[in-house]
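Enquirer: Residues in the sequence shown are numbered from 0 upward in steps of one, following numbering that gives the first Met the number 0.
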Amino acid sequence: MNAATSSTARKRPVNLTLNEALVQEARALSGNLSATVEAMLQEYVARERGARAQKQRQAAVACQDWNAVLDAHGSFADEHSPL
0 MNAATSSTAR KRPVNLTLNE ALVQEARALS GNLSATVEAM LQEYVARERG
50 ARAQKQRQAA VACQDWNAVL DAHGSFADEH SPL
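As structure tokens, then:
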């Protein structure tokens with residue numbers, strides 16, 4: 000568990016601009032709106048980190064594959080002289 004997801008992490012107030020009716024409805028449904036929003040933010044951050052890590056892995060595989068093609072066949076530009 001990192002500091003961002005720790006239940007003992009330091010907390011501070013933040014200002015958000017949200018739909019007033021939505022906030023009222025959420026408060027009626029949740030005993031602790033701050034905890035609910037914090038849990039949703041934790042899920043979002045984890046999901047986004049996972050998605051970004053997956054994209055980085057895919058990019059690394061694409062680079063490896065491209066380098067393998069270049070090693071096997073060379074570059075198209077190798078056949079032409081520079082200007």
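Cβ coordinates follow ideal geometry from the N, Cα and C atoms, glycine included.
1) Rounding to the nearest angstrom, what Cα-Cα distance links Asn-18 and Glu-24 in this structure?
2) Which stretch, first to last residue, makes up the alpha helix (DSSP H) that contains Thr-16?
3) So Gly-49 is in the alpha helix (DSSP H); what residue range does that whole segment cover?
Expert: A quick look at the data gives this:
1) 10 Å
2) It is not in any alpha helix (DSSP H) - Thr-16 carries neither H nor E in the DSSP assignment.
3) 32 to 72
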